[in-house]
Every structure is written in structure tokens, then in C-alpha cells.
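Have a look at the structure below, then the notes.
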Amino acid sequence: MMLEGKKIIITGGVTGCGRISAIECAREGASVVTMSRARPTDERAVKVIEECKKVGSGSYKHIQVDVSDKKAVFNAFEEAVDFMGGSLDATVSSHAIDAHTSSEEVDEEELLNVIAVNTFGTIWVDQASFKYMKENGGSIINYASVAGVTGIEGMPAYTVSKGGIVSYSRLIAKEWGKYDIRVNMMLPVVMTELAMIGRDSLKQDPEALSGFEKWLDDNIHLGKGKRGFEKQADAINAAYLTAFLCSDKASFITGQMIGVDGGMTFPR
Numbered sequence: 153m154m155l156e157g158k159k160i161i162i163t164g165g166v167t168g169c170g171r172i173s174a175i176e177c178a179r180e181g182a183s184v185v186t187m188s189r190a191r192p193t194d195e196r197a198v199k200v201i202e203e204c205k206k207v208g209s210g211s212y213k214h215i216q217v218d219v220s221d222k223k224a225v226f227n228a229f230e231e232a233v234d235f236m237g238g239s240l241d242a243t244v245s246s247h248a249i250d251a252h253t254s255s256e257e258v259d260e261e262e263l264l265n266v267i268a269v270n271t272f273g274t275i276w277v278d279q280a281s282f283k284y285m286k287e288n289g290g291s292i293i294n295y296a297s298v299a300g301v302t303g304i305e306g307m308p309a310y311t312v313s314k315g316g317i318v319s320y321s322r323l324i325a326k327e328w329g330k331y332d333i334r335v336n337m338m339l340p341v342v343m344t345e346l347a348m349i350g351r352d353s354l355k356q357d358p359e360a361l362s363g364f365e366k367w368l369d370d371n372i373h374l375g376k377g378k379r380g381f382e383k384q385a386d387a388i389n390a391a392y393l394t395a396f397l398c399s400d401k402a403s404f405i406t407g408q409m410i411g412v413d414g415g416m417t418f419p420r
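Start counting the sequence shown at 153; every next residue gets the next number (our numbering).
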């Protein structure tokens, strides 16, 4: 098992890619603490911890936190690291919210809400990770997005928030490399709960829905015989890459944007 003995924190860990990544990391031998706004007694949180225990042999816990609150993030990390025995090997920031508005109509409230969670939340998680990785190194995986590289029409707040993650991740990959801290970004195009919410909201505007499905068709180059949303990856595809990047097998990979996107982006 490539994560035997590793200790990992995953934000956004009860849904989507975060949930499946937590289970996959547990399967590979890691202890995992998931974090999200959900309470530990929430059905989703209980279920992901149960699944981790079924497939893994480490320690597993869920902690409620609002990642937009810096102090709360640092407190949650202290609790998580104490629970896992005092050290931290990898952090996965997979939390995200989105919003659908035209670029000419997006307002300050929407921008601030999305950026507070997606961008600031990732920065606070990375800073909290640094505190525990400075001495012995580690791996930070930030979920960026195709939106942060090319932009996605109708999602200006999300696009801006993910662009900030790309820029910050590149910066700290340079600055923190001297501590043997690796920082990489994933660009998943995956059918998750968040993606389904976005799809359902587009159903109110058939023209926008049709345009988005055509965009997926034109830009996802894998998925023979599939159309539109069906061409997106499964969360397990992102989870496999997440587990690898957390492992020592990826010990000389840093500063990279890696797409799980069927060839939608070719970042450099």
C-alpha cells in the first residue's frame, strides 16, 4: 500500500472527489481526517468515516469547519494533527462552491462569497499545513479547475476564485520547496454533487444548458459514444491521482497542474 502510515487531511471530504479520495487514501493505508461544514453526526460525515474504516486500518475522524474562517481552520488542523499522532504528511483541498451568473451581472456579494471559500479557504488550509510540514516536508494538493486556466462562461466568480488558487499554488511551490513541501494542482472535470447542482440550475435556461453540453462535447476528447455531462470523469479517477500525489512515489513532482479532464486542458 503506497500510503501506509501516512497522515492526511482532506477538506470538502464528505462529498464528491473529496469523499472518494478519503476512502481511496484509507484503502492505501493512510489515516485520514475529513473536514467540511457538515457536523460529525451528519449522515454524510458518518458514512465517509464508516467507509474509510471498512477499507483501511488507520485512524479516521471528521471535523466540522468553515474554511473561510482562518482561525477555525488552524484550530481544526491542530485537532486533526493531535488525533493522528502529532504529524501531517499530506493535505488535499477539495472544498468548493460555485455560482452561475453572467460576467456583466456578477455582483460583489457573489464574488466575495465564492472567493472566501474557494480561494481564501485554500490559502488558510495551505498555511495551516505549512505549520506542520515545515520540519519534515509533505504534499499539498489544491483542487484548481479548468475554470482557473481557461475560464468558464457563466461562472465568473468561480473562474476568478480558481485562478487565484492556481497563482497561489505556483507561488508556494517555489517558496516552500526548500522545506521539501510539494504543491500540486488538480484540474478535475468530474461528475460530482456540485456538478449536478450546476447542471440542474442550467436546466432553467435550455439555451445555456445546450451551450454548456456542447462545450463539454467539443473540449473533452475522451469518452467514445458519450455526450455532454456523460463525458465527465468519475470521482474515482481524481481519487487515484490524489492518492498518488500524496505518496512518496510523487516525491519529485511539484508546481504542476494535472488535469483529470479527458484532454480538456493542456497546461504548462
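No residue lacks a Cβ here, since even glycine has one placed at the ideal position from N, Cα and C.
Residue range of the alpha helix (DSSP H) that residue i falls in?
| i | result |
| --- | --- |
| P308 | P308 to E327 |
| I388 | A387 to C398 |
Compare the beta carbon distance of residue i and residue j with 8 angstroms and say whether it is the shorter of the two.
| i | j | result |
| --- | --- | --- |
| T253 | E260 | no |
| K159 | S239 | yes |
| N270 | A242 | no |
| N336 | T406 | yes |
| G157 | A178 | no |
| V185 | A232 | yes |
| G164 | S246 | yes |
| V219 | W276 | yes |
| A427 | C204 | Shown here, the chain extends from 153 to 420; a query on residue 427 therefore has no answer. |
| A190 | A182 | no |
| N294 | I317 | yes |
| V225 | A280 | yes |
| I172 | I388 | yes |
| A228 | V200 | no |
| V412 | M307 | no |
| N395 | E176 | Sequence check: residue 395 is Ala here, not Asn. Result yes, Cβ atoms of A395 and E176 sit closer than 8 angstroms. |
| A309 | A268 | no |
| I215 | D278 | no |
| K213 | F235 | yes |
| I162 | V244 | yes |
Give the secondary structure of residue i by DSSP, where H, G and I count as helix, E and B as strand, and everything else as coil.
| i | result |
| --- | --- |
| G300 | helix |
| A178 | helix |
| A242 | strand |
| S188 | strand |
| S291 | strand |
| V219 | coil |
| K206 | helix |
| I267 | helix |
| S403 | coil |
| S173 | helix |
| I333 | strand |
| K158 | coil |
| G168 | helix |
| D250 | coil |
| V198 | helix |
| E257 | coil |
| E305 | coil |
| K383 | At K383 the pLDDT is 49, less than 50, meaning the model places this residue with poor confidence and gives no usable figure here. |
Going by DSSP, what residues sit across from residue i in a beta bridge?
| i | result |
| --- | --- |
| P340 | V412 |
| T163 | M187 and S245 |
How far does the beta strand (DSSP E) with residue i in it reach, from first residue to last?
| i | result |
| --- | --- |
| K213 | Y212 to Q216 |
| I274 | The question names Ile, yet the displayed sequence has Thr at residue 274. No beta strand (DSSP E) holds T274; the alpha helix (DSSP H) holding it covers G273 to M285. |
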